[in-house]
Amino acid sequence: MLKKLDKYQLTLFICIAVITIATRFIWLGELPGGLNQDEASMGYDAYALLEYGIDRNGIHNPVHMIAWGSGQNALLAYISMPFIKIFGLSVFSIRIAPALLGCFAVFIIFLLGRRIESTNFGLIVAGITAISPWHIMISRWALESNILPVFMLTSVYLLIKASDNKRFLPLSFFFFGVSLYAYAPSYLVIPLFLIMAGFYCMVFKVFTIKNIVISVFILIIVALPIFIFVLINTLKLPAFESDILSIPRYTGTPRYTHMSSIYGGAFFQETAKHLAHSIKILFIDFNDFELQNSAPKVGYLPKFSLPLIIGGFFICIWKATKNKSFNPVAIILIWFFCSFIVSGTSSPAIHRMNTVIFPIIIFFAYGLYTLFNNSKALALAFCLILSVTSYNFYKIYTTEYAVQVSSFFFQGYGEAVRDAQQYLLDGESLYASDALNQPYIATLFHLKYDPNEYIKTVEFKNPGGAFQSVSKYGNIIFGVRSHAAKSAKVVVIRKGDDARYYNLNNYITREYYDYLTLYSKEVFQEDAENNIIRKKIPISLSMPTLESGTYFFNAQWETDTGITIEAVELYGTQRKIIKFGSDQINNRISIEKSQLYLGSNKLIITARSSDGRKKTAEFVITNYDSRHKNAFDFIKTIQQDIGNSQRNKAFTQDNLLTQGIMFTSGLGTHASSKHIISLPINADRLHISYGISDFSGGCGQGLEIEISSDDKLLTKRKVYHNRLYSSIINIDNLNELTLTSKSGSNRHCDHLNWLSADLVMK
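When the letters of the sequence shown are read in order and numbered with this note's numbering, they come out as residues 1149 to 1910.
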C-alpha cells in the first residue's frame, strides 16, 4: 500500500504517523489527569464483565449498559476488555482503545482521501486530522461516544471502496451495524445516511441487487439486538436475557428519549433552535465551550480555517454534480448533511454531533488542496500558521488545560479512597465526599470492587431514577457533612467544598490534588517515618441488646482501662453513676435494667487508659413499666414518600444515630412521612426526641416536623442537621397523635429519626 508513495510522500506519511502516535499516547494515563465518571463507568463495567461475567447492574453481556439507570453505550467497553486483561484495570488501560482507534482513524482518512482525490490530498486530510485539537482530545480519554466517528469513517470508506470492489459492501454494512453500539445518535444518522446514499448509488447502478440484499441482511443481523433494545426501552417491554447476551431494560427513562427533541412536544421549534446553535458552534465559535471537548481559547479547528472549509464545501458540490456519474465526493456531502440534520434533534455539543466533524475536515482539506494547486507559496504559509497554532494548542493542552480539567476528571479522588480503605478494620465505615458527579463509580473502579458485593449492599438515594445516586455500598458512605462523618475514623473530603466543615487540626491529612484524606488523631498517629499507624483505643462499643432484663454491650478494652458509666434521665434532671458487669474474656459489658430511671436514659460511658487516653460514648436506652410505655408500640398507620420507615433503625438501615448519640428505640423515616399513633387510655404526657439521622448525607437544608391531634397542631419545628430536639406534650384526653415530617430542599439527604417516645400514664 505504501509502495505507491514517492520518497517525499513517504517521508510526509511517516511524519504524520509519528505525530499521530506521539500526540495520542504520550502521558496517556496522566493527561487528562484523573478519571471522568463516564470513563470510570465504562471501565468498571468492562472489568466486571471480564472478571465476574456481570456488570454493576447484574446483567450478563448486555448489548447496552444500564450504567446510571438511563444507559451507556457498550461498544467501547467490549473493545477495552483485552487491554484491561493484559494491563489490569487502570486509567491507562481503558484509554488504550480510544488512542489506538484515533491512530487508526488518521490512517483510514488518508486512504479515504487518496480514494476520492489523490495521494497528496490523502496526506493533507490525514495531516489535518493528526493535529486537529478535536481529534487529539477525543483520542486521549475513554468517553464511549468518542469512538463513533472512527466507526462511521471506516464504514463510509468501505462503502466508497465497494464502488470499485463489490466485496467490500457487506463489510461496510457490517461496520455500519457495529457503529450503532457506539453512540445513540447513530440510531438516526446511519439509517438516514444509508437511505440517501443508497438512493444515490441506485441512481447510478453502482451495486447489484445481490450485493445490496447480502449487505442489508448482514446489517439487520448485526443491528437486530440494538433494535430490540430500543423497542424494549421505548415501549417498556420485559428485558431479554440469555447465556450469550442480554438486552436490558433501563431502571429509569432512556436517555435517548429525554435528550432528543423527537420525543418532545415542539419538535420543529426545538430542531430549528438546535440547528442554529449547531451552526454557531461549528462555523462561528468553532467551540462548544465544554471543558471536556475543547481547551481554553482553542476550538475543534482554528477559526481561520473557515474560508477554506466553505471553499472546500462548494468544491465538493461542484465535483459531485459536474458529471452525471457516481462520484464518491457525493457520499461525503450526504454524510455531512445527515450528521448536521441529526445534530438538530438534541442540545448541540461537539461530542453529541461528532459524526459531522470528519466531513468538515475533508472540506477543509479540499480548500487547502485547491490552494496548493493554485498558489504553493500561500498554501505553505497557511500550513506554517496551522502548525504554529497546533503547537500552541498542545502547549495549552499539556499545561493550562491540564490544570483546569483535573477538577472535571476528579483527579485524586479514587486514589484517596483506595489508600484510605487499607487503614480500616472490618466493620468500620469510610466516609467519602459526594461533592462530585457520581462519586461511587470512581471508588468501584479504583478498588476493583466485586460487583456481586456491590449489588448486595448498594443503597440508592433515588432508586429507579434516570441517574441513580448511591448513598452507600459495602463500608463506603457518601456524604461527609453529617455528624457521623465528622465522628468517623477516616474521611475523604474535597478541599474548599467540604473542608470548611472540619477542624483539620484534629486530623492527620494526606493530599491528593483537590482531595484530602483525614485520619482522626483519636485513632491514628504518625511514626518516625511519617507512616500512619493506629493508636490503641481505650474502649470500643457496639449498640446494646436487651436480654432478660439486662443490657449487653459488645466491647473491647485494655486491661489497664478505667471505666465509669453514668445514667442521666433523658427527659428529667436526675443522674447517677451505675454499676456494671465486665467480662473481658467474652468482650461484654452488662447493665441491669433495674438500675435505670423509668423511661429513657442516656448512658455516658467513659474509659480512661493509664497513659491518659480518654474515650466517651453516649447511648440512649429505655426502661418501661406499666406507667411508662413506648409510644411506637401503638402506631396504627404509616405513610412515607419513599420506602418504609424502620423500627429501631435509621431509614438507611444504620443505627439510630443523631448528633453522635446512639438510640436503641425509635423510627427511622425518609424525608416526608406521617405516622399515626392510637393513644392508650389514661395517657397523660408524651416525651419525644427527634433529629436528622447522622447517616443521611448532610446535603439538604433541613426539614420540618409537626405533632398534631385531631387536626390540632401541638408542636411545629424546623429541624436542622447535627442537632437533637425534644418535646414534652400534654396528651390528656387525646385519642390519636400524628407525627409528620416534611422534606426541605433535598428529600434525598434529610432523613428524620423519631427517638425515645415515652408515654407517661396517669
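Each residue gets a CB set at the ideal place from its N, CA and C atoms; glycine is no exception.
A quick note: this is a predicted structure, and the numbers were derived from the prediction, not measured.
- Query: Considering only C-alpha positions, which residue in the set 1668, 1531, 1515 is nearest to residue 1571?
  - Reply: Your numbering for residue 1571 matches position 423 in the sequence shown. Ranking 1668, 1531, 1515 by Cα distance to residue 1571 puts 1668 first.
- Message: Between the alpha carbons of residue 1842 and residue 1869, how many angstroms are there, rounded?
- Response: Locating residue 1842 in the sequence shown gives position 694, where the first residue counts as 1. Locating residue 1869 in the sequence shown gives position 721, where the first residue counts as 1. Approximately 8 angstroms between the Cα atoms of the pair.
- Message: Need the endpoints of the beta strand (DSSP E) that residue 1767 sits in, please.
- Response: Working through the sequence shown from its first residue, we reach residue 1767 at position 619. Run containing residue 1767: 1762-1771, per the beta strand (DSSP E) assignment.
- Query: Does at least one heavy atom of the ligand HEM sit under 7 angstroms from the Cβ of residue 1259?
  - Reply: The ligand HEM is not among the ligands present in this structure, which contains no ligands whatsoever.
- Item | Segment limits, beta strand (DSSP E) that includes residue 1717 | For the purposes of this step, residue 1717 is taken as residue 569 along the sequence shown, with counting starting at 1. Residues 1710-1717.
- Got a sec? Which residues, its chain only, sit under 7 angstroms from residue 1688 by beta carbon, not counting five neighbours each side? One-based indexing of the sequence shown puts residue 1688 at position 540. Excluding residues within five positions, the ones whose Cβ falls inside 7 angstroms are 1703, 1704.
- Tell me where the beta strand (DSSP E) around residue 1816 begins and ends. Stepping through the sequence shown from its first residue, residue 1816 is reached at position 668. That run of the beta strand (DSSP E) goes 1814-1816.
- Message: Let's see if you can read the secondary structure: which residues bound the beta strand (DSSP E) around residue 1619?
- Response: For the purposes of this step, residue 1619 is taken as the residue at position 471 of the sequence shown. Unbroken beta strand (DSSP E) run through residue 1619: 1618-1621.
- For residue 1298, I'd like the list of residues in its chain whose CB is within less than 6 angstroms of its CB, leaving aside the five on either flank, ordered along the chain. Residue mapping note: residue 1298 aligns to position 150 of the sequence shown, counting from 1. If we look at residue 1298 and ignore the five residues flanking it on each side, its Cβ neighbours are 1249, 1253.
- Task: Taking residue 1783 as the reference, give the member of 1744, 1827, 1803 with the closest Cα.
- Result: Counting from one through the sequence shown, the residue named residue 1783 turns up at place 635. Out of 1744, 1827, 1803, 1827 has the C-alpha closest to the C-alpha of residue 1783.
- Would you mind stating whether residue 1808 and residue 1581 have Cβ atoms separated by less than 8 angstroms? Here residue 1808 refers to the residue found at position 660 of the sequence shown. Here residue 1581 refers to the residue found at position 433 of the sequence shown. Not in contact: residue 1808 and residue 1581 (Cβ atoms no closer than 8 angstroms).
- Sheet register partners of residue 1399 (DSSP bridge): In the sequence shown, counting from the first residue as 1, residue 1399 sits at position 251. Looking at the DSSP assignment, residue 1399 forms no beta bridge with any residue, so it has no partner.
- From the DSSP output, which residues share a beta bridge with residue 1902? Your numbering for residue 1902 matches position 754 in the sequence shown. In DSSP, residue 1902 forms a bridge with 1815, 1838.
- Over what stretch of residues does the beta strand (DSSP E) that includes residue 1749 continue unbroken? The residue given as residue 1749 occupies position 601 in the sequence shown. Note, residue 1749: beta strand (DSSP E), 1747-1756.
- Task: Buried or exposed for residue 1163, please, with buried defined as at least 16 other CB atoms from any protein chain shown within 10 angstroms of its CB.
- Result: For the purposes of this step, residue 1163 is taken as the residue at position 15 of the sequence shown. Answer is exposed; the Cβ neighbour count stays below 16.
- Message: Which residue marks the beginning of the alpha helix (DSSP H) containing residue 1193, and which one marks its end?
- Response: For the purposes of this step, residue 1193 is taken as residue 45 along the sequence shown, with counting starting at 1. Segment 1185-1200, the alpha helix (DSSP H) holding residue 1193.
- Message: So, at 7 angstroms on beta carbons, what are the nonlocal neighbours of residue 1478 in its own chain, with the 5 sequence-adjacent residues on each side left out?
- Response: Looking up residue 1478 in the sequence shown gives position 330. Excluding residues within five positions, the ones whose Cβ falls inside 7 angstroms are 1348, 1468.
- Entirely within the stretch 1289-1326 and at least 3 residues each: give me those beta strand (DSSP E) ranges in chain order. none
- Message: Could you give the first and the last residue of the continuous alpha helix (DSSP H) run that contains residue 1358?
- Response: Mapped onto the sequence shown, residue 1358 falls at position 210. Its alpha helix (DSSP H) spans residues 1357-1383.
- Task: Excluding the 5 residues preceding and the 5 following residue 1495 in the sequence, name in chain order all residues of the same chain whose CB lies nearer than 6 angstroms to its CB.
- Result: Position 347 of the sequence shown, counting from 1, holds the residue named residue 1495. Closer than 6 angstroms at the Cβ level, and outside the excluded window around residue 1495, lies no residue.
- Task: Answer with buried or exposed for residue 1440, where buried requires no fewer than 16 other C-beta atoms within 10 angstroms of its C-beta.
- Result: Start at 1 with the first residue of the sequence shown, and residue 1440 comes out as number 292. Classification for residue 1440: buried.
- Name, in chain order, the residues that DSSP records as bridge partners for residue 1572. To locate residue 1572, count along the sequence shown from 1; it is residue 424. DSSP, once it has assigned bridges, lists no residue as partnering residue 1572.
- Query: Residue range of the alpha helix (DSSP H) that residue 1469 falls in?
  - Reply: Translated into the one-based positions of the sequence shown, residue 1469 becomes position 321. Residue 1469 -> alpha helix (DSSP H) spans 1454-1469.
- Message: Tell me which residue opens and which closes the beta strand (DSSP E) that residue 1722 is part of.
- Response: Within the sequence shown, the letter at position 574 stands for residue 1722. Bounds of any beta strand (DSSP E) do not take in residue 1722, whose DSSP letter is neither H nor E.
- Go ahead and pull the three-state DSSP assignment for residue 1334. Taking the first residue of the sequence shown as 1, we reach residue 1334 at position 186. In the structure shown, residue 1334 sits in a helix (DSSP, three-state: H, G or I).
- Item | C-beta atoms of residue 1488 and residue 1276 nearer than 8 angstroms | Taking the first residue of the sequence shown as position 1, residue 1488 is located at position 340. Taking the first residue of the sequence shown as position 1, residue 1276 is located at position 128. Not in contact: residue 1488 and residue 1276 (Cβ atoms no closer than 8 angstroms).
- Task: Could you say which of 1292, 1368, 1804 lies nearest to residue 1632 if we only look at CA atoms?
- Result: As a first step, residue 1632 must be located in the sequence shown, where it is residue number 484. Measuring from the Cα of residue 1632, the nearest candidate turns out to be 1804.
- Message: Suppose you measure from the CA of residue 1110 to the CA of residue 1457; what does that come to, to the nearest Å?
- Response: Nothing can be reported for residue 1110, as the shown portion of the chain is limited to 1149 through 1910.
- Cα-Cα separation between residue 1877 and residue 1637, rounded to whole angstroms: Reading the sequence shown from its first residue, position 729 is the one you call residue 1877. Reading the sequence shown from its first residue, position 489 is the one you call residue 1637. Rounded to the nearest angstrom, the two C-alpha atoms are 38 angstroms apart.
- Item | Residues near residue 1425 in its chain [Cβ-Cβ closer than 6 angstroms; skip 5 each side] | Position 277 of the sequence shown, counted from the first residue, corresponds to residue 1425. The answer, listed in chain order, is 1496.
- Message: At 4 residues or longer, what runs of the alpha helix (DSSP H) sit wholly inside the stretch 1471-1513?
- Response: 1476-1491
- Item | Stretch pair the stretch 1309-1328 + the stretch 1282-1293: three plus CB contacts closer than 8 angstroms | no
- With DSSP as the reference, please indicate the residues paired to residue 1909 in a beta bridge. Numbered from its first residue, the sequence shown carries residue 1909 at position 761. Partner(s): 1831.
- C-alpha distance - residue 1613 paired with residue 1355, whole-angstrom precision: Reading the sequence shown from its first residue, position 465 is the one you call residue 1613. Reading the sequence shown from its first residue, position 207 is the one you call residue 1355. Spanning the two alpha carbons is a distance of roughly 47 angstroms.
- Grab the span of the alpha helix (DSSP H) containing residue 1416 for me, first residue to last. Within the sequence shown, residue 1416 is the residue found at index 268, counting from 1. Taken as a continuous stretch (DSSP letters only), the alpha helix (DSSP H) holding residue 1416 covers 1415-1427.
- Beta-carbon contacts of residue 1649 that lie in its chain and below 6 angstroms, excluding the five residues immediately before and after: Sequence index remark: in the sequence shown, residue 1649 carries index 501 (1-based). Correct list, in chain order: 1629.
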